[in-house]
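Residues in the sequence shown are numbered from 34 upward in steps of one, following the working numbering. The C-beta atom is built at its ideal place from N, Cα and C for all residues, glycine as well.
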Amino acid sequence: MTTVVENAAEQGAETLTIGVGMVGPEAVIDLTDDGTGVAPGDASRIFEPFFTTRREQGGTGLGLAIAKALVTNAGGTIEYVPDPKATDARPRPGASFRIRFPR
Numbered sequence: 034m035t036t037v038v039e040n041a042a043e044q045g046a047e048t049l050t051i052g053v054g055m056v057g058p059e060a061v062i063d064l065t066d067d068g069t070g071v072a073p074g075d076a077s078r079i080f081e082p083f084f085t086t087r088r089e090q091g092g093t094g095l096g097l098a099i100a101k102a103l104v105t106n107a108g109g110t111i112e113y114v115p116d117p118k119a120t121d122a123r124p125r126p127g128a129s130f131r132i133r134f135p136r
């Protein structure tokens, strides 16, 4: 979760909302920020190692790849929850992620 929080701050987020609960047999953590958002064309690659849109600012593209590896190794899943109104030309503010762990 720290990686997702740090990424939100680096993307200009001022607010991070964290929701925790049970959905069926799974513990679920929802994280939503109000940063710059994710362009739909980038969404399918954000968990790839070394994929970054911030190379010039020192981004390595490892943050979300590491977060996914840690969650997966703990038996869970992490997914980006896209905003259906976003376009590549006009990403919507914010990003949402859902982390799930079996009971």
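query: Roughly how many angstroms separate the alpha carbons of ALA72 and THR86, rounded to a whole number?; result: 10 angstroms
query: Judging by CA-CA distance, which residue of PHE84, GLY91, ASP67 is the nearest neighbour of ILE99?; result: PHE84
query: Helix, strand or coil for PRO135 per DSSP?; result: strand
query: Contact defined as beta carbons within less than 8 angstroms: I believe PRO82 pairs with LEU95. What is the distance between those atoms, to the nearest angstrom?; result: 6 angstroms
query: Taking only three categories from DSSP, how would you classify ILE79?; result: coil
query: Ignore the nearest five residues each way along the sequence and tell me which others in GLU59's own chain have a CB closer than 8 angstroms to its CB.; result: ARG133, PHE134, PRO135, ARG136
query: Taking ALA128 as the reference, which of THR48, ALA122, THR65, THR36 has the closest Cα?; result: THR65
query: Quick check on GLY92 - is its C-beta less than 9 angstroms from some C-beta in chain D?; result: Structure shown: chain D not included; a single protein chain is present.
query: Would the beta-carbon of GLY74 fall within 9 angstroms of that of ALA46?; result: no
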